[in-house]
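A.B. asks: Quick note: the sequence shown uses this note's numbering, first residue 13, plus one each step.
For glycine and all other residues, C-beta sits at the position ideal for the given N, C-alpha and C.
The structure presented is a predicted model; accordingly, all values stated were derived computationally and were not measured.
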Amino acid sequence: MELNNPMPKYNLFGVENPEYSEAQVVVLPVPYDSTTTYKSGARDGPHEIISASRNMETYSEEFGCDITEKIRIFTTDELAPNLNSPEETVRSIEEEVSKILKDGKMPVLLGGEHTVAVGAIYAVSKHMKDFSVIHFDAHSDYRDEYMGSKYCHACIMARARERCDSCFSVGVRSIDETSATKYGKDILYRKDMHNMTIKEVSEEIIRRTRKNVYITIDTDVIDPSQLPSTGTPEPDGLSFFELTQILKSVIIEKHLVGIDFNELAPIGGLTAPNYLVAKLVYMALGYAFIKN
């Protein structure tokens with residue numbers, strides 16, 4: 013039996029999956045938050061991002077088209093994390109992202125806690141050597157170890173630097189003293205962004221990074237007045253407009269090899285943040301594939 017009015021497919025933006033071989037983008041949802049140290053719930057982020065995206069208008073007045081008709085997007089099943097071992101979870105993510113890259117497709121990861129990014133960065137580092145990691149986050153995430161683990165959401169940039177010698181963080185407003193001393197030169201703090209235009213911020217990121225870039229986004233980089241649904245909200249964040257305009261300038265100038273969106277911890281009955289992240293994914297893909 014066929015329904016008269018079926019809901020969109022449970023894929024990103026509700027689109028029908030193309031044949032995998034024809035896909036340009038592969039979306040990998042990873043519902044994982046086992047090392048969360050404050051507010052848990054990011055494991056529900058991927059589901060809510062996809063659910064919100066199925067209720068979006070997919071035509072964009074900015075791009076002048078429906079990007080889902082221009083970009084072939086394939087959404088995989090959710091990747092089951094290893095709840096007993098963060099390191100094994102990272103290894104599983106690395107294996108899946110390696111396959112996506114080997115097949116000539118761009119990975120888009122939906123987390124989950126920010127540890128998800130480590131597996132993706134490891135995979136990119138095996139696929140190419142000449143790339144930069146651009147890191148949007150309220151927190152520096154540069155601790156070498158936290159709560160007994162090197163594979164923790166607070167350690168992702170320490171792990172990234174072991175595989176990539178070009179890392180640049182943006183929007184940071186929470187950092188420990190050791191990390192500030194050791195890595196401060198590669199961080200654009202939020203306090204300094206207040207004295208810069210969006211154009212100046214974008215130009216600084218472009219100047220400090222290589223042509224090939226992997227972008228990792230902790231959604232707590234956005235101000236909690238717009239996105240309260242995150243594990244460790246920090247005041248004085250970027251607005252959605254600021255973040256999208258920075259992404260636009262950077263992505264158009266660079267070659268985006270992959271991107272992740274993490275740390276959405278949905279709050280029951282509050283759907284606006286879920287929709288915001290879904291829209292953020294939409295805009296990033298548009299900037300990557302629809303040059304305007």
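Between which two residues does the alpha helix (DSSP H) holding I79 run?
C.D. replies: Sequence index remark: in the sequence shown, residue 79 carries index 67 (1-based). Where I79 is concerned, the enclosing alpha helix (DSSP H) stretches over I79 to K82.
A.B. asks: Here's the rule I'm using: 16 or more other beta-carbon atoms within 10 Å means buried, otherwise exposed. How should F253 be labelled?
C.D. replies: Here residue 253 refers to the residue found at position 241 of the sequence shown. With fewer than 16 other Cβ atoms within 10 Å, it is exposed.
A.B. asks: Considering V38, what are the terminal residues of the beta strand (DSSP E) in which it resides?
C.D. replies: Locating residue 38 in the sequence shown gives position 26, counting from the first residue. Run containing V38: V37 to V42, per the beta strand (DSSP E) assignment.
A.B. asks: Tell me which residues share the same chain as I83 and place their Cβ nearer than 7 Å to its Cβ, disregarding the 5 neighbours each side in the sequence.
C.D. replies: If you number the sequence shown from 1, residue 83 lands on position 71. So the list reads Q36, V37, L297 and F301, once near-sequence residues are dropped.
A.B. asks: If you run the structure through DSSP and keep just helix, strand and coil, what is H59?
C.D. replies: Residue 59 sits at position 47 when you count from the first residue of the sequence shown. The answer is helix: DSSP assigns H59 an H, G or I state.
A.B. asks: What are the residues that DSSP puts in a beta bridge with S181?
C.D. replies: Taking the sequence shown and counting its residues from 1, the one referred to as residue 181 is at position 169. According to DSSP, S181 bridges with H147 and I199.
A.B. asks: In the structure shown, what three-state DSSP assignment does M118 receive?
C.D. replies: Translated into the one-based positions of the sequence shown, residue 118 becomes position 106. Strand, per DSSP.
A.B. asks: Are G57 and G123 close, meaning C-beta to C-beta below 9 Å?
C.D. replies: Indexing the sequence shown from 1 puts residue 57 at position 45. Indexing the sequence shown from 1 puts residue 123 at position 111. Yes, the pair counts as a contact, with Cβ atoms nearer than the cut-off.
A.B. asks: Taking all protein chains shown into account, decide if G53 is buried (16 or more other Cβ within 10 angstroms of its Cβ) or exposed.
C.D. replies: Sequence index remark: in the sequence shown, residue 53 carries index 41 (1-based). So G53 counts as buried.
A.B. asks: How would you call P247, buried or exposed, if buried means at least 16 neighbouring beta carbons within 10 angstroms?
C.D. replies: Reading the sequence shown from its first residue, position 235 is the one you call residue 247. Result: exposed.
A.B. asks: Skipping 5 residues on each side, what residues in its chain have a beta carbon closer than 7 Å to that of E99?
C.D. replies: Counting from 1 along the sequence shown, the entry for residue 99 is found at position 87. These residues qualify, in order along the chain: Y163.
A.B. asks: Based on DSSP bridge pairs, tell me the residues matched to G123.
C.D. replies: Here residue 123 refers to the residue found at position 111 of the sequence shown. Paired residues: V42.
A.B. asks: Roughly how many angstroms lie between the CA atoms of E125 and E275, to the nearest whole one?
C.D. replies: For the purposes of this step, residue 125 is taken as the residue at position 113 of the sequence shown. For the purposes of this step, residue 275 is taken as the residue at position 263 of the sequence shown. The alpha-carbon separation between E125 and E275 amounts to approximately 5 Å.
A.B. asks: Starting from I227, trace the beta strand (DSSP E) in both directions and tell me its first and last residue.
C.D. replies: Reading the sequence shown from its first residue, position 215 is the one you call residue 227. Unbroken beta strand (DSSP E) run through I227: N224 to D230.
A.B. asks: Out of E31, T48 and P20, state which residue places its alpha-carbon closest to the alpha-carbon of T244.
C.D. replies: By one-based count along the sequence shown, residue 244 stands at place 232. Comparing Cα positions, the closest option is T48.
A.B. asks: Kindly list the residues whose CB is nearer than 6 Å to the CB of Y201, restricted to its own chain and excluding five residues on each side of it in sequence; keep chain order.
C.D. replies: On the sequence shown, position 189 is the one that residue 201 refers to. Cβ neighbours of Y201 beyond the five flanking positions: V184.
A.B. asks: Using the C-alpha atoms, what's the distance from Y226 back to V136?
C.D. replies: Here residue 136 is taken as the residue at index 124 of the sequence shown, counted from 1. Here residue 226 is taken as the residue at index 214 of the sequence shown, counted from 1. For V136 and Y226, the distance between alpha carbons rounds to 8 Å.
A.B. asks: Measure from the alpha carbon of I264 to the alpha carbon of each residue in S104, M295, I229 and G196, then state which is nearest.
C.D. replies: On the sequence shown, residue 264 is found 252 positions in, with the first residue counted as 1. Out of S104, M295, I229 and G196, the CA that lies nearest to the CA of I264 is found in M295.
A.B. asks: Under the three-state reduction of DSSP, which class applies to H101: helix, strand or coil?
C.D. replies: As a working note, residue 101 is residue 89 in the sequence shown. Going by the sequence as given, residue 101 is Thr instead of His. Helix.
A.B. asks: Would you identify the three-state DSSP class for G131, choosing helix, strand or coil?
C.D. replies: Against the sequence shown, residue 131 aligns to sequence position 119. It is helical.
A.B. asks: In whole angstroms, what is the alpha-carbon distance linking T190 and D153?
C.D. replies: If you number the sequence shown from 1, residue 190 lands on position 178. If you number the sequence shown from 1, residue 153 lands on position 141. Their backbone Cα atoms lie some 12 Å apart in a straight line.
A.B. asks: Assign V269 to one of three DSSP states: helix, strand, or coil.
C.D. replies: By 1-based counting over the sequence shown, the position of residue 269 is 257. Residue state for V269 is assigned as strand, using DSSP reduced to three classes.
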